[in-house]
Each structure stands twice: as structure tokens, then as C-alpha cells.
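In the numbering used here, the protein residues as written are 49 to 280. Using N, Cα and C, we set each Cβ at its ideal position, and we do this for glycine too. Down below is the structure, laid out as C-alpha cells.
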Amino acid sequence: MAHEGDLRAQQTPPPDVEASRGADPLAPPIAQEFLPVDPPEPRPPLPFAEEDVLDLGEAPLPPQEAEDPEYGRHEDNGAPPIARLDELRDQQKFIELLKDATLEKSGLDADTIARMRNPPRSLPDLAQNPDYRYALRLYMENGHSEKAFRGNRFAAMERDPALEVPTYEAMERLVADLTGVTPVKTDMCVNSCCAYTGPYEALEQCPFCPEPEPRYRVQGKKKIARRTFDTL
Numbered sequence: 049m050a051h052e053g054d055l056r057a058q059q060t061p062p063p064d065v066e067a068s069r070g071a072d073p074l075a076p077p078i079a080q081e082f083l084p085v086d087p088p089e090p091r092p093p094l095p096f097a098e099e100d101v102l103d104l105g106e107a108p109l110p111p112q113e114a115e116d117p118e119y120g121r122h123e124d125n126g127a128p129p130i131a132r133l134d135e136l137r138d139q140q141k142f143i144e145l146l147k148d149a150t151l152e153k154s155g156l157d158a159d160t161i162a163r164m165r166n167p168p169r170s171l172p173d174l175a176q177n178p179d180y181r182y183a184l185r186l187y188m189e190n191g192h193s194e195k196a197f198r199g200n201r202f203a204a205m206e207r208d209p210a211l212e213v214p215t216y217e218a219m220e221r222l223v224a225d226l227t228g229v230t231p232v233k234t235d236m237c238v239n240s241c242c243a244y245t246g247p248y249e250a251l252e253q254c255p256f257c258p259e260p261e262p263r264y265r266v267q268g269k270k271k272i273a274r275r276t277f278d279t280l
């Protein structure tokens with residue numbers, strides 16, 4: 049009996065082969081891993097799932113810090129209207145002078161200001177004036193040095209008394225007419241510490257030098273600045 053049961057088990061085809069024979073006898077048997085599988089049953093929700101649902105709407109903006117109020121120069125913010133430290137007071141004076149600056153307060157003469165506002169349409173003719181050409185050559189070759197020009201002018205006129213060399217001031221006016229540029233001369237410290245302008249305009253000596261340096265040198269009855277600065 050056991051032998052017959054084993055024989056029947058050997059003759060009985062597997063279920064997947066039996067199922068494939070009903071569809072198409074020529075089709076190969078379907079492997080077990082390709083058979084349809086029932087979808088898994090849904091898992092029950094976790095007990096804390098509904099409690100931890102987050103609202104992903106617009107997040108609130110962080111609170112902004114209050115800005116410091118801005119004060120104008122005419123508002124009372126507790127600061128003194130006039131600086132108390134000397135350096136701050138000088139800087140404040142420079143600012144006030146710059147705000148009120150005009151050509152009339154620049155130190156330029158009236159003719160120069162008029163030429164700036166109404167420039168000439170022609171240039172001086174030097175072809176007919178050899179003395180001016182000679183003086184202009186001296187002025188350029190001496191690097192605009194007033195001392196060197198005056199010395200060369202004196203030596204030339206001593207050699208030839210008939211020679212009329214224009215003065216240094218006349219050459220400055222000629223150069224200004226030719227170029228349209230007029231320098232503004234300002235006295236300055238001999239050590240270049242400061243210019244005697246603004247709050248330092250009335251000083252007789254440098255406020256920054258360790259040893260007081262006088263502003264002028266005396267030549268006869270005339271006081272001459274020891275050093276000047278040209279602004280173009």
C-alpha cells in the first residue's frame with residue numbers, strides 16, 4: 049500500500065504545473081515567484097499618529113527688533129550742539145566752512161573770478177613780445193620757483209639794463225591767462241603739519257609741532273610765509 053501511495057505521489061503533477069496546463073498546453077510552467085500575491089492588509093494606525101500631526105502652514109515670522117530712532121541735526125538727542133574736544137571742534141568748523149564756501153570767499157581776486165565765469169575767447173600773443181617769451185622760459189625752467197625766478201631775473205637785468213623782464217606776479221597772471229588755471233595760495237607749516245586755513249587761519253605758529261614753528265619770516269618790515277601750498 050505504501051508503494052502504491054508513493055507511485056501516485058510521483059504521478060501527480062505539482063499545483064503550479066496543473067494550473068498552467070488549463071491555459072495553454074504549450075506554455076511553460078509559471079514559476080512560483082511570479083504568481084500573483086494578495087496585497088498586504090493595512091496596518092492599524094499608531095496610537096500617537098493623530099496627536100502628532102503637524103500644521104505645515106505659514107510659519108510665524110520671528111519678532112523684529114526695534115530700530116534705533118534716527119535724529120537730525122536739529123533734534124534734541126542729548127548731544128551738545130558744539131563739540132567740546134579741540135579736534136572735534138576743529139572738524140566741526142571745517143564742515144561749516146565747506147558748507148558756506150563760495151568763490152568770493154576762496155581768496156581769488158575779482159578779475160580771476162570774472163575770468164572763470166566768463167573765459168576769454170583768445171590767448172595773449174607772445175610772438176610780438178620777446179621779453180615775455182624770455183620770462184616765460186625762465187619761469188618754466190625754474191620749476192615755478194619764486195626765489196629762483198627772482199634771482200635769474202635780477203641777474204639778467206643787471207647784465208642788460210635795457211632788458212625788461214616781467215615780474216614773478218606778472219608771469220603768474222600770464223600763465224593763468226594761457227592755461228585758465230589760477231592757484232590758490234595758502235600758508236602752511238614749514239614741516240607740512242597743517243595749512244593755515246579754517247580754524248587755523250589766524251594762528252602765528254603751528255599747533256602740532258613739538259617745538260613751536262613760526263608761520264612767517266620777517267624781511268624788512270614785511271612778513272612772508274615760510275612755506276605755502278598751492279591749490280589748483
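- Around the C-beta of Asp86, fewer than 16 other C-beta atoms lie within 10 Å, and the residue is accordingly described as exposed.
- Rounded to the nearest whole angstrom, the CA to CA distance from Ser154 to Met236 is 16 Å.
- Going by beta carbons, Pro231 and Asp159 fall outside the 8 Å limit.
- For Thr160, the enclosing alpha helix (DSSP H) begins and ends at 158-165.
- Ala250 places its beta carbon 8 Å or farther from that of Tyr264.
- Between Leu222 and Tyr182, the C-beta spacing is not below 8 Å.
- Under the three-state reduction of DSSP output, Ala196 falls in the helix class.
- Below 8 Å, enough C-beta pairs join the stretch 255-263 and the stretch 236-245 to call them touching: three or more.
- Within a 10 Å sphere around the beta-carbon of Phe202 sit fewer than 16 other beta-carbons, which makes this residue exposed.
- Positions of the alpha helix (DSSP H) runs, each at least 4 residues long and wholly inside the stretch 178-263, are given as 178-189, 194-207, 216-227 in order along the chain.
- In the structure shown, Asp138 adopts helical secondary structure according to DSSP, grouped into three states.
- Straight across, the Cα-Cα distance linking Glu217 with Leu145 is about 29 Å.
- With respect to Thr276, Thr234 sits close: the two C-beta atoms are nearer than 8 Å.
- Excluding residues up to 5 positions away in sequence, Tyr180, Arg181 lie with their Cβ nearer than 6 Å to the Cβ of Leu174 in the same chain.
- For the pair Phe142 and Ala149, the Cα-to-Cα distance works out to about 10 Å.
- In this structure, the straight-line span from the alpha carbon of Val213 to that of Pro262 is close to 33 Å.
- Residues of the same chain with their beta carbon placed closer than 6 Å to that of Gly199 are lacking, with the five preceding and five following residues left out of the count.
- When the Cα atoms are used, Pro168 and Asp225 turn out to be separated by approximately 8 Å.
- Around the beta carbon of Met219, 16 or more other beta carbons sit within 10 angstroms, so the residue counts as buried.
- The Cβ atoms of Pro247 and Asp138 sit closer than 8 Å to each other.
- Within the model, the alpha-carbon separation for Met164 versus Asp134 is close to 37 Å.
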